[in-house]
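A.B. asks:
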Amino acid sequence: MKYDWILFDADETLFHFDSFGGMRLMFERFGVDFTREDYDAYQLVNKPLWSITKTAKSLRIN
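Numbered per numbering that gives the first Met the number 0, the sequence shown finishes at 61, counting up by one with no gaps.
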C-alpha cells in the first residue's frame, strides 16, 4: 500500500501515554506555559470530538 503522508507524533502523547506531560513539554519548547487547567480545558473539547470520531467510524460515515 502506498502512503502519501506519514505523520509522527513524538511529543510523548502517543509513545509515553502521558498526554498532559507531552503537551506541557511541547508547549514549553515554544516558550508557552501549559498548566493543568489548560489541559483540562483542552480535554473538555477533545474528548467529545474523539467520541464523535469513534461513532462515525462505527457507523462508517465518511
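Ideal Cβ positions, reconstructed from N, Cα and C, are used throughout, including at glycine.
#1: Phe26 by DSSP, collapsed to three states: which one?
#2: Mapping DSSP to helix, strand and coil, what is Thr34?
#3: Check Trp4 in the structure and name its three-state DSSP category.
#4: Tell me the DSSP secondary structure of Asp39 in three-state form.
#5: Just confirm the distance between the C-beta atoms of Met22 and Tyr38, as a whole number of angstroms; I'd bet it's less than 8 Å.
C.D. replies: By the coordinates alone:
#1: The count along the sequence shown starts at 1 and reaches residue 26 at position 27. Reduced to three states, the DSSP call for Phe26 is helix.
#2: Here the question's residue 34 lines up with position 35 in the sequence shown. Of the three classes helix, strand and coil, the one that applies to Thr34 here is coil, per DSSP.
#3: Position 5 of the sequence shown holds residue 4. Looking at Trp4 - three-state DSSP - the assignment turns out to be coil, as it is neither helix nor strand.
#4: Stepping through the sequence shown from its first residue, residue 39 is reached at position 40. In the structure shown, Asp39 sits in a helix (DSSP, three-state: H, G or I).
#5: Residue mapping note: residue 22 aligns to position 23 of the sequence shown, counting from 1. Residue mapping note: residue 38 aligns to position 39 of the sequence shown, counting from 1. Right, the Cβ-Cβ distance comes to about 6 Å (below 8 Å), so this counts as a contact.
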